[in-house]
Amino acid sequence: MNLFLYNSITKKKDEFIPLDVNKIRMYVCGPTVYDEPHIGNARPVIVFDLLYRILRNFYGNENVTYVRNITDVDDKINKIASEKYPDIETNLAINKLTMDIEKKFKDYASKLECLSPSIEPRATEHISEMIEIIECLIDKKSAYVVDGHVIFDINKYDKYGSLSNKSQKDLIAGARIEVATYKNNPLDFVLWKPSQPNEPYWDSPWGKGRPGWHIECSAMSSKYLGQEFDIHGGGIDLIFPHHENEVAQSCSYHSNEHMAKYFVHNGTLNIEGKKMSKSLGNVVSLNDMLDTYHGAILRFTMLRTHYRQPIDWTKNSLEESKNILKKWISVSNKDSLRAQEVPSEFYETLLDDINTPQAITKMHAYFSNKEYDKLFGALNFLGINIKDLSHSMISEQNSKKDAIDETEVNKLIEERNSARKAKDYKKSDEIRNKLELMGIKLQDDGDKSTWEYIND
RNA sequence: GGCCACGUGGCCGAAUGGUUAGGCGCGGGUCUGCAAAACCCUUUACUCCGGUUCGAUUCCGGACGUGGCCUCCA
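In our numbering, each residue's number is its place in the first sequence (first place is 1) plus 1318.
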């Protein structure tokens, strides 16, 4: 069976036919590093990590190149850097902020058990490539210069709007912002803009300035993946204007029909039924999330919903994931770690537009049928490291055990077991209740009793 | 306001023009002094209104609802 992916260009599920089977190329829009990464950032990271694994499995590890950029030039970055480090010089403050967030982002990605992309280029290291593209676009009359701004002229790109399925007429009708006076057309967008004295800048043919949004992805994808590549990924909220503008720039620059053969977009994430936003105060940071749940649990929770569906991020769902994984881990052994074979029915559902919920259904069946090799082979393929997770679950118990007086607990358990032997069940139940009040759940196994700390 | 997507049982969540999705929870049972865990059984849904069809949750139209984008937020 071949791989099928929903392609935003054609708006349907297409068979994936690479441009070159020996050189599979995927570009995914990475984070703009201006603020603490949140759980919404994690979705594309996890989804495209899984797609990367599928591609590697299908075409061979060495034949797949995965580029995920770091956008470290952005007006929000400037604003936050100056607020956060008011006493430091602008460029240093920006560097401090972006390096810090980038480091966190990579750390979280690895805790979510994501493989490192082949290349993680930073925008600021590709300014000259951006300038080169902009110059070419001016030469081709796809862009014009006004007072230090360079603006892309969307009327020079016929297919503008086709990716995001928008018409110029609708966009203008729906516009709610004032049109910048330097634009010929309200929908034209900025490739380069002049910098004020307190803003970071690079020298350019149009004076001291900085790139607009979008151009960094055109520059970096061209550099590392070529004029046209296989898959361009990112969140659906990026389809307009970001991806639309990237396509317009890249295709005009290369005189190409396509920037990427397939555009793959993941759905959005809500928090307890509401959209995550700063104004609602419900932004969940990855840092907090990873403090509460092991990365594998977050990863599994993310994959329990199909990547194109909106996902509702709830505590209930996380707890359910945790219980399922706990149950599966309970039947693992040393061989489980070595289960490398990917069961074919499971794999085929993944090839069908990465249908993870259905793949997980197969895993439930493997568990019920005691086909543990298949179960752990599948878990392994999903990138869920059971060894690490089970260690974490054990140490979680241990750290909770540390918080209470274990000798006291053991003494009570002994007392209770002798009461049980003497068939003094009234007393044994009293002790059980007492332990429960202490937050301890007992489990009798023959004449032995095991116990664990009750989670809140 | 404009454009777009989605709306499945208590909850999560797929597929599908006609046949049981699956998981969690609830309920019942086996086991256990009682529990827990485990296992077995059970729980028949597709927002509403029209249309197409022998037959629609599935296709088409409309209504309502939720969400996304149009504000350089994944």
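Glycine included, every Cβ here is placed at the ideal spot set by N, Cα and C. All values derive from a computational prediction rather than experimental measurement.
For residue i: DSSP bridge partner residues
i, result
"V1382", "I1342"
"K1592", "I1589"
"E1333", "F1322"
"G1552", "H1583"
"S1760", "Before going further, note that residue 1760 is Leu rather than Ser in the sequence given. Answer is W1769, bridged to L1760."
"I1388", "R1440"
"P1529", "W1510"
"V1601", "Its beta-bridge partners do not exist; DSSP assigns none."
"W1631", "I1589"
"F1547", "A1578"
"W1520", "G1527"
"T1350", "T1389"
Contacts around residue i, its chain only, beta-carbon distance under 7 angstroms, and the 5 residues preceding and following it disregarded
i, result
"I1357", "L1587, V1602, L1604, M1607, W1631"
"F1785", "For the chain, the structure presents residues 1319 to 1774; residue 1785 sits outside this window and is missing."
"E1733", "I1749"
"A1461", "I1452, L1455, V1468, I1469, F1470, D1471, L1509"
"T1841", "The requested residue 1841 does not occur in the structure, where the chain is confined to residues 1319 to 1774."
"N1381", "N1340, K1341, I1342"
"N1816", "Coverage of the chain is limited to positions 1319 through 1774, which leaves residue 1816 absent and any answer about it impossible."
"L1556", "C1347"
"S1513", "Y1519, K1526, G1527, R1528"
Own chain partners of residue i with C-beta closer than 6 angstroms, once the 5 adjacent residues on each side are dropped
i, result
"Q1627", "G1585"
"L1669", "M1319, L1321"
"S1650", "I1704"
"N1359", "P1349"
"D1691", "A1657"
"Y1384", "M1344, Y1370, P1435, S1436"
"I1449", "S1522"
"Y1625", "V1365, N1584, I1672"
"I1629", "L1587, T1623"
"A1566", "Y1475, Y1478"
"I1309", "Residue 1309 cannot be examined here, being either before or after the span of the chain that is shown, 1319 to 1774."
"N1563", "F1507, H1532"
"I1722", "none"
"F1334", "L1321, L1323"
"G1553", "P1362, N1584"
Range of the contiguous beta strand (DSSP E) that encloses residue i
i, result
"K1579", "1578–1584"
"V1464", "1461–1464"
"S1767", "1766–1771"
"I1469", "1467–1470"
Residue interval of the alpha helix (DSSP H) (run including residue i)
i, result
"P1362", "1357–1377"
"Y1500", "Counting along the chain, Y1500 falls outside any alpha helix (DSSP H), and DSSP gives it neither H nor E."
"F1618", "1613–1621"
"H1624", "From DSSP, H1624 is part of no alpha helix (DSSP H); its letter is neither H nor E."
"A1566", "1562–1572"
"D1747", "1743–1755"
"S1480", "No alpha helix (DSSP H) contains S1480, which DSSP labels as neither H nor E."
"E1733", "1724–1739"
"D1457", "1445–1457"
Beta-carbon proximity list for residue i, same chain, < 8 angstroms, skipping 5 on both sides
i, result
"Y1403", "L1410, A1411, K1414, L1415"
"S1595", "V1601"
"D1774", "Any reading at D1774 must be qualified, since the residue scores a pLDDT of 48, below 50, and its modelled position is unreliable; no value is offered."
"M1756", "I1722, V1727"
Length-filtered (4 minimum) alpha helix (DSSP H) runs lying within the segment 1395–1438
Within the segment 1395–1438, complete alpha helix (DSSP H) segments of at least 4 residues are found at 1408–1429, given in chain order.
Check whether the segment 1683–1703 touches the segment 1657–1675, taking contact to mean three or more Cβ pairs, one atom from each stretch, closer than 8 angstroms.
By the criterion of at least three beta-carbon pairs nearer than 8 angstroms, the segment 1683–1703 is in contact with the segment 1657–1675.
Pairs of beta-carbons, one from the segment 1363–1373 and one from the segment 1567–1578, closer than 8 angstroms: are there three or more?
Contact between the segment 1363–1373 and the segment 1567–1578 is absent, because fewer than three Cβ pairs lie under 8 angstroms.
I'd like the ranges of any alpha helix (DSSP H) spanning at least 4 consecutive residues and lying wholly in the segment 1647–1694.
1652–1656, 1662–1669, 1674–1686, all fully within the segment 1647–1694.
For the segment 1392–1405 against the segment 1537–1544, are there 3 or more C-beta pairs whose distance is under 8 angstroms?
Not touching, per the Cβ criterion.
Is there contact between the segment 1521–1537 and the segment 1440–1454, where contact requires at least three CB pairs shorter than 8 angstroms?
Under the Cβ criterion (8 angstroms, minimum of three pairs), the segment 1521–1537 counts as touching the segment 1440–1454.
Determine, using beta-carbon pairs with one atom in the segment 1670–1684 and one in the segment 1615–1625, whether at least three such pairs fall under 8 angstroms.
The segment 1670–1684 vs the segment 1615–1625: in contact.
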